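Participant: If you're matching positions, the sequence shown starts at 49 in my numbering and goes up one per residue. Where a beta carbon is used, it is the ideal one built from N, C-alpha and C, also for glycine. Given the structure is predicted, the values throughout are model-derived calculations rather than measurements.
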Amino acid sequence: MNILRSYKRTRFFLWVNITGLAIGLAVSIMLILFVVNELSYDKHFANKERIVRLITVWEGNEQTTHYAINLRKAYTELPSKIPGVEAAVQLYQMGALEVIQDKERFQNVSTLCVDPEFFKVFQMKFVEGDAQTALTSPNAIVLTRRQADIIFGDSHSAINQILKISDRNYYVSAVVENLPVNTHFSFDALLPMKSIDDWMEGMPGLEFLTYYLLSEDTSLSDTRNAIEKEYSAITASFGASFSAKIYGKTDKLTDIYLHSDGVNANIGRMGDMRFVWLLSGLALFILLLAVSNFINLFIAQGETRMREIGIRKTNGAAISDIVRQFFSEVSGIVLIAFVIGVVLTIILTPYFSELIHR
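1. With a threshold of 7 Å on Cβ separation, who are the neighbours of Leu261 within its own chain once the five nearest residues in sequence on each side are excluded?
2. By DSSP's criteria, Thr258 is part of a beta bridge. Which residues make up the other side?
3. When you compare only the Cα positions, how much space is there between Phe82 and His232?
4. Below 7 Å CB to CB, which residues in the same chain sit around Tyr55 once its five sequence neighbours on both sides are set aside?
5. Thinking C-beta only, is Asn118 closer than 8 Å to Thr302?
6. Across which residues does DSSP place Leu211 in a beta bridge pair?
7. Should Tyr279 be labelled buried (16 or more other beta-carbon atoms within 10 Å of its own) or exposed?
8. Does DSSP put Gln195 in a helix, in a strand, or in coil?
9. Please report the distance separating the alpha-carbon of Phe286 from that of Thr298.
10. What residues in its chain sit with their C-beta under 7 Å from that of Leu52, if we drop five residues either side in the sequence?
11. Could you tell me the alpha carbon to alpha carbon distance between Pro252 and Glu276, rounded to whole angstroms?
12. Alpha carbon to alpha carbon, how far is Gln138 from Glu176? Give it in angstroms, no decimals.
13. Please find out if some non-hydrogen atom of the ligand ATP comes closer than 7 Å to the beta-carbon of Ser267.
14. Please classify Gln195 as buried or exposed, where buried requires at least 16 other C-beta atoms within 10 Å of its C-beta.
15. So Gln141 packs on Ile304, CB below 8 Å; how close in whole Å?
16. According to DSSP, what are the bridge partners of Asp299?
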């Protein structure tokens, strides 16, 4: 009851304190959630520590350029020469395609062409079909659950259904779960690389994103060095035709999203570690500011509270009782502010995500 009476007597300071602390907590929580999400990219893959991406470094005309795309030989020739490479896969961005089912047309279906080992490198959960046969046929197509539901509805099986893309028929060989949003690439559909064999004959240059799954039985750093050395040898003649020096560099999968600044031809939008540090510092600053404001407002009531303490001591109150009451008051305010802050976070997070395009 003493706490409630105290709250009533100081209700102006109470609500100013609660409001300031709640807003500070809400903003800090949203920033922290954003930072945690940025740091979590690609960490959901089972073999994340053993997957690397190949970068092509092009030195010529007195400048150095980094590309996320590579020669086809990085898949067809390189893996067999490096014992530490367990599997390899290349991705080719087909873009947003039109898919036809019967007479119905579906626009902007984000599509990748991939090699059969895609699901060995990037393990995913299958809704229908299996990883071993999903990409073996040149006429197969793999859909995400979301895209399958859009085309066929969520109550019908998509397996073996026929879809037409660019006047060519494909059968649905598998349906996989949607990729988590914290993945550095995305797709609605996958086509086998075999389906564009005739195109690839005219693509001798840098076209494909390349990923390697490294063996657990070998030194990861040694294998990465071997990949870079071998790719440099493979690209030597290609670079010479452009009077350029071309060599390879590898990035860990979990470093791709936040450490691709300066890398061209990325598969999607990338983050920036500097932005993460900036928002982390901002979250800490706002939290400290809110706490400092909270403390200062309590100190501002010092004269009134000292008079109250004197009266209570005169009436026989023990120091421990007074300390307990102050602790309870502060705890109550912090708890109320925290609850309001969490509610504000839940309400504002969708708008915050839209604002920062996440």
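Facilitator: Straight from the coordinates:
1. So the qualifying residues of the chain are Asn95, Arg98, Ile99, Glu134, Ala135, Lys168 and Val169.
2. Per DSSP, Gln138.
3. Separation of Phe82 and His232 (C-alpha to C-alpha, rounded to the nearest whole angstrom) is 16 Å.
4. At Tyr55, the pLDDT of 49 sits below 50, so the modelled position is not reliable; the number obtained from the coordinates is stated separately. These residues qualify, in order along the chain: Leu62.
5. Going by C-beta atoms, Thr302 is not nearer than 8 Å to Asn118.
6. DSSP lists Tyr218 as partners of Leu211.
7. Residue environment analysis places Tyr279 among the buried positions, since at least 16 neighbouring C-beta atoms fall within 10 angstroms of its C-beta.
8. Judged by DSSP in its simplified three-state form, Gln195 adopts helix.
9. Near 19 Å, if we compare the C-alpha coordinates of Thr298 and Phe286.
10. Low per-residue confidence applies at Leu52: pLDDT is 48, beneath 50, and the placement is therefore not dependable enough to give any value.
11. Distance between the alpha carbons of Pro252 and Glu276 is about 19 Å.
12. Going by C-alpha positions, Glu176 is about 23 Å away from Gln138.
13. Here there are no bound small molecules, and the ligand ATP is not part of this structure.
14. By the neighbour-count rule (16 or more Cβ atoms within 10 Å), Gln195 is buried.
15. About 15 Å separates the beta carbons of Gln141 and Ile304, which is beyond the 8 Å limit, so they are not a contact pair.
16. DSSP, once it has assigned bridges, lists Arg101 as partnering Asp299.
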